[in-house]
Every structure is written in C-alpha cells, then in structure tokens.
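These notes concern the structure reproduced below.
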Amino acid sequence: MSVPYETAAYEPAESPESPEEHLARLLGRALNSFELPDEVIRRLDCALAQDSSLHSAYHSAGLHRETYRHTWLLADGSAVTLWELVHNPTPGSAPEHEVYVDEEELQAATARLGVPPDTSDFELPALMRLWAIPEPRHVFASDDSADHARRLLRRAENSDRPGAETAALLATSTAHEITQAFGRPGRAGRLGLSYALYEHAFLLPDGAEISLWEVEHTATPDGRHMCEVYMSEDAARDAMERRAARQG
C-alpha cells in the first residue's frame, strides 16, 4: 500500500548543495583561487547546475595525485569548467588543492609534481585505469542521518520503495550526504515534465555506505509533485521513464 504524500505535516526535502555552494567550497580549499580571472567567477554567478567527475589519478609510495573536472551549466546554455588538482607534497601529509581554468595550466601544475617518467600527465599506471578507480568519496555530514532517512522513506509514494529491512539499516546511519544527479533526462525531459533525481548517501557504523535514489516529478494526473525512492539510480530513472511514457 502506498504511503500518502505529505499533507498538513509536509516536510520539504533537504536541498542538495547548490552550484554557488559547490563553487564556494572549491574556491575555499584551493590555495591558488585568488589567481582565477574575475570574469570566470562572474560567469559562474548565474550557474543553474553543477557536475563533478574524477579525471585522472596516480597513487604510489604514500604520494597521491587526483584531478577532477567541475562543470557548471549557465543560464545562457553555455558551460564553464574548472580543473582541480589534489595532491600531497610529502608521503602521509595532508592533501593540498589547486584550481585551474584550462587543461594546459593543469598539465603544467601536474608536471611540477614529478610524475614518474613512464606515465604521461593524464595516463594512469597500467594497473590503475579510470574504470578501476572508485568514485570520489562522499562528503558526509552527521546531521541526524537516521531521522533524515526516516523522513525520506515516509515521503516516498511508490509501492516498491525500500522496505522495513532497509529502514532498519538506515536507522543506524551516522552521517549522510545529498547530491543531485544529472544526465540523460530521457522522455521526461523531452515532455517538459518537472523531474529531479537526488542521491541520498548514508554512512553506516561499520564504514559501509548505502545510497537511496529519490525522484521528484510532476508526472501525475493532476500535475502535482510526487516523491519516489529507489535502491539504485537505474531503477529510479527507469521508473521515471515508465511514468513519462504513460503521460506521453
């Protein structure tokens, strides 16, 4: 039986990190952020969405180097990309962050780190290809995560939402993070339906992580907003496609 959507006791979903907040966090940790052109920062003031991905990585003898691509979608339909270099100057030392506006600057900065001669700037060692590198770890916040999980599942209206076993597991969670997922809007986007997908990642006491995927959409007979929750991103996107097909 489906759980009724929040009415009088409706509690809005916690918002994921906004493009402005992500930019502020990136610039706040970068040692050279003051070198970025003012024009680039001004353009990012009108960002509508943001996405980050691991670009390359190298780990050896206590030293590490990762590069990340951060891309913002602007109101005029264009995009701006910043490149982040994360490395530790000596084995076991705290990581340092730098940010650059293009790949050439990033390559020059990477070269200063003394990448082994058998590896070009963006080529990983033979046993460490991009497909084998785990996604960047979540940045968890310990803000009453168990209660957040309870409210998230209570909002879900889909009959195949995660059940009691998952709810009991998440009741032990110690921290969580919410991020918006972008990419392949599919039929829902083509039909002009309001459709947003969020990942709610939870940290468990044993260090394991579990994610729930929340879909907020208007693919309902009366156009109202509806919340559904699934155990995987694919399941969430597939469910949205099925609803959009019925609406189309």
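In this text, residue positions in the sequence shown follow the working numbering: the first is -8, and each later residue adds one. C-beta atoms are modelled at their ideal positions from N, C-alpha and C, and glycine is treated no differently.
Cβ neighbours of residue i in the same chain (closer than 8 angstroms, five flanking residues each side left out)
i, result
"Glu200", "His129, Ala192, Phe193 and Leu194"
"Ala21", "Glu75, His88, Glu89 and Val90"
"Ala137", "Leu161, Ala162, Thr163 and Ser164"
"Ala85", "Asn79"
Which of helix, strand or coil DSSP assigns to residue i
i, result
"Met217", "strand"
"Val92", "coil"
"Phe25", "helix"
"Thr157", "helix"
"Asp42", "strand"
"Ala236", "helix"
"Ala230", "helix"
"Asp101", "Strictly speaking, residue 101 in this sequence is Thr, with Asp absent from that position. Residue state, collapsed to three classes: helix."
"Val31", "helix"
"Ser136", "helix"
"Leu195", "coil"
Span separating the alpha-carbon of residue i from that of residue j
i, j, result
"Ala240", "Glu190", "One cannot answer for residue 240 here, as it falls past the ends of the chain, which runs -8 to 239."
"Arg228", "Ala40", "19 angstroms"
"Leu104", "His50", "12 angstroms"
"Leu64", "Gly154", "36 angstroms"
"Ser24", "Ala132", "25 angstroms"
"Asp134", "Val31", "33 angstroms"
"Glu95", "Arg34", "21 angstroms"
"Ala235", "Thr170", "23 angstroms"
"Ala230", "Ala159", "24 angstroms"
Short CB-CB distance (under 8 angstroms) between residue i and chain D
i, result
"Arg233", "Here chain D cannot be found, since the structure has a single protein chain."
Whole-Å CB distance - residue i paired with residue j, under 8 angstroms assumed
i, j, result
"Val92", "Leu27", "6 angstroms"
"Thr55", "Ser43", "Rather than Thr, the amino acid found at residue 55 in this sequence is His. With 8 angstroms as the limit, His55 and Ser43 do not qualify as a contact, their Cβ atoms being about 18 angstroms apart."
"Leu97", "Leu17", "Contact doesn't hold; Cβ gap of about 14 angstroms is too wide."
"Glu207", "Ala187", "5 angstroms"
Close-in-space but distant-in-sequence residues of the same chain around residue i (CB under 6 angstroms, 5 per side omitted)
i, result
"His313", "Residue 313 lies beyond the residue range present for the chain, which begins at -8 and ends at 239; the question has no answer from this structure."
"Glu224", "Trp204"
"Thr211", "Met217"
Residue i: CB within 7 angstroms of a non-hydrogen atom of the ligand ATP
i, result
"Glu95", "Inclusion of the ligand ATP in the displayed structure is not the case, the ligand content being empty and no account of it being possible."
*State whether the segment 158 to 171 contacts the segment 209 to 222, with contact taken as three or more CB pairs (one from each stretch) at a distance under 8 angstroms.*
Verdict: no, contact absent.
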